[in-house]
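Working notes, structure below.
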Amino acid sequence: MAKLSAFALLAFPLLALAQFTSTTNDVATTTSNNVATTSNPPVVTTTAPLSPTPATPSVSKLPTVIPSTDPSYSSGSPSNTIYQNLAAAGLFLQYPFSEPKYAPLSSILNDQSISITFFAPGDAALASSVASGTVNLTKTENTTNIFDYHIGHTAVSSSDVSSYSLLTSYFNNATFIRLGTPGAAQPLVMEKSGNSFTVIDGAITANVILGDIKCSNGYLHIIDQVLLPPVDALRTLSSYGDLSVFYGLLDPNNVTGPVSGQGITIFAPSNEAWTAWNYTTRAGGILNREVKYHVTTSGVFYTTQFKDGQVLQTVSGQFLQINVAANGSVFVNGVPITQGNVLTSNGVIHIIPEVLDYTKSTNINMSFTTNYLATAPVISSTSTSKPNKNSATSMWREGVLGGVWGAIVVATVVARLII
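The sequence shown begins at 6 in the numbering used here and counts up one residue at a time.
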């Protein structure tokens, strides 16, 4: 077994090379410039070729292995497109993107008629994801889905992000995305705090290690993680340790159905909130209604979309009221959202520090947040509860794609043993 492990380590560079030189007959997923309706295996979306485009970087020979550490990246040239600056900056990603099967991606990044943002994984991040099997560059369609999610429809620099912002991505695969609105695409969450600039996919928080590379068609930001399109709400809730009580209450109270549906917004109390509410001593009927009172199927509402005084009907049939403070902080029935915009493929989750009392649903009025407005907390996407990153990565690789990714993992293991 030790010898097999040693052989596996020696063989990995050859496997990495195989990923870039593969001539598989995968059908390349093409990507739309316009946001299309997007719900779980991949679907091909098509667009007309983008033209005219400037000359692409020439690649005479692919390197044998992805560097496991990041080099000193260059800032490229503002006269270059984002695609051209992949090479100018020294990113390994330039090589796989130069292959014909990834022409839909390179065409977007090379198109001077649009203004976009690309969060490009650095070499170390890409190497780690390839090694783990999360990214398999020989699988054109899956890889295209993943990197579509790294492209935003608007040119965004770090100075454009005051605290946090949502950016609509190019990921519009209808098999994965079930947001309940025709034309909806999966967003990214961006946060800025001091000199820290991060981008979040719902489970993974990537740091920008070199940002604001100005290009002729937008901005290139180099990040230290590969982002993955969000998975469904049930899987996302299961990956958050601080939401384990709420997740555990869903099935016994028959709420897994609504939570698995499309176009949902969940207000998820933390474990501490449920403990303070003494949930273990509550009668079954009361607990059932409480759990349902925290889920609405009225649509997907990110924190930037709430309106002051907005009323939402919940799965329990009762209503919640939203209030928005002057600084943008959001309250639901007077309880502040402390961690907002946890992205899922079928909606969004907002984490709250208290259990909402359904018995007060009929007493909603416009003044119940008065005591909060003066000291309203600033919503964060990362400050309180964090998901299990390994679990979320495994869910994308094995849970969402099922047998496809399972076959990839098995094939990789067998290949390493044979070599």
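The beta-carbon is built from N, C-alpha and C at its ideal position, and this holds for glycine as well.
DSSP bridge partner residues for residue i (one or two, in chain order)
| i | result |
| --- | --- |
| V300 | I271 |
| E359 | Beta-bridge pairing links E359 to no other residue. |
| F324 | Q318 |
| Q89 | According to DSSP, which records beta bridges pairwise, Q89 is partnered with nothing at all. |
8 Å contact criterion, which residue i and residue j should meet: CB distance rounded
| i | j | result |
| --- | --- | --- |
| L114 | F123 | 6 Å |
| P235 | Q191 | 6 Å |
| K197 | S168 | 6 Å |
| A238 | T349 | 4 Å |
| P274 | H299 | 7 Å |
| V337 | L325 | 5 Å |
| T309 | I269 | Between I269 and T309 the Cβ distance is about 18 Å, and since that is not below 8 Å, they are no contact. |
C-alpha distance - residue i paired with residue j, whole-angstrom precision
| i | j | result |
| --- | --- | --- |
| G129 | A94 | First, the amino acid is wrong: residue 129 is Ala here, not Gly. So the two alpha carbons sit approximately 15 Å from each other. |
| G253 | T261 | 10 Å |
| N85 | F306 | 37 Å |
| S249 | A330 | 29 Å |
| T319 | F176 | 29 Å |
| S321 | G81 | 55 Å |
| Q117 | L110 | 14 Å |
| V383 | L193 | Residue placement at V383 cannot be trusted, given a pLDDT of 47 that sits under 50; the coordinates are not used to answer. |
| S221 | I87 | 7 Å |
| I71 | L225 | 20 Å |
| T74 | G185 | 41 Å |
| S2 | V231 | Residue coverage of the chain in this structure runs from 6 to 424, which leaves residue 2 outside it and unanswerable. |
| P341 | F272 | 10 Å |
| A211 | F311 | 26 Å |
| S372 | G333 | For S372, the predicted structure reports a pLDDT of 48, less than 50, and the residue's modelled location is therefore unreliable. A value from the coordinates is still provided. One C-alpha to the other measures close to 17 Å. |
Coarse secondary structure for residue i, derived from DSSP in three states
| i | result |
| --- | --- |
| Y224 | strand |
| E295 | helix |
| Q191 | coil |
| P234 | coil |
| Q217 | The identity of residue 217 in the sequence shown is Asp, whereas the question assumes Gln. Three-state DSSP puts D217 in a strand. |
| L20 | Model confidence at L20 stands at a pLDDT of 44, short of 50, so the residue's coordinates are unreliable; what they give is reported in the following sentence. Three-state result, L20: helix. |
| Y107 | helix |
| L171 | strand |
| S201 | strand |
| F152 | helix |
| G95 | coil |
| F181 | coil |
| L142 | coil |
| T280 | helix |
| N38 | Model confidence at N38 stands at a pLDDT of 39, short of 50, so the residue's coordinates are unreliable; what they give is reported in the following sentence. The answer is coil: DSSP assigns N38 none of H, G, I, E or B. |
| P68 | coil |
| G246 | helix |
| T261 | helix |
| A129 | helix |
| N115 | helix |
Nearest residue (CA-CA) to residue i, options the options
| i | options | result |
| --- | --- | --- |
| I209 | H355, P358, V347, D362 | V347 |
| Y78 | P68, Q99, V231 | Q99 |
| T143 | D153, P101, I156, T159 | P101 |
| G304 | A92, L292, T285, G266 | G266 |
| D165 | A189, F202, S174, R183 | F202 |
| N200 | V213, D206, A189, G207 | V213 |
| I151 | H158, V140, T159, A281 | V140 |
| P257 | A278, R294, T241 | R294 |
Distance cut-off 7 Å: residue i Cβ against heavy atoms of the ligand ATP
| i | result |
| --- | --- |
| V231 | With respect to small molecules bound, the structure shown includes none, and the ligand ATP cannot be examined in it. |
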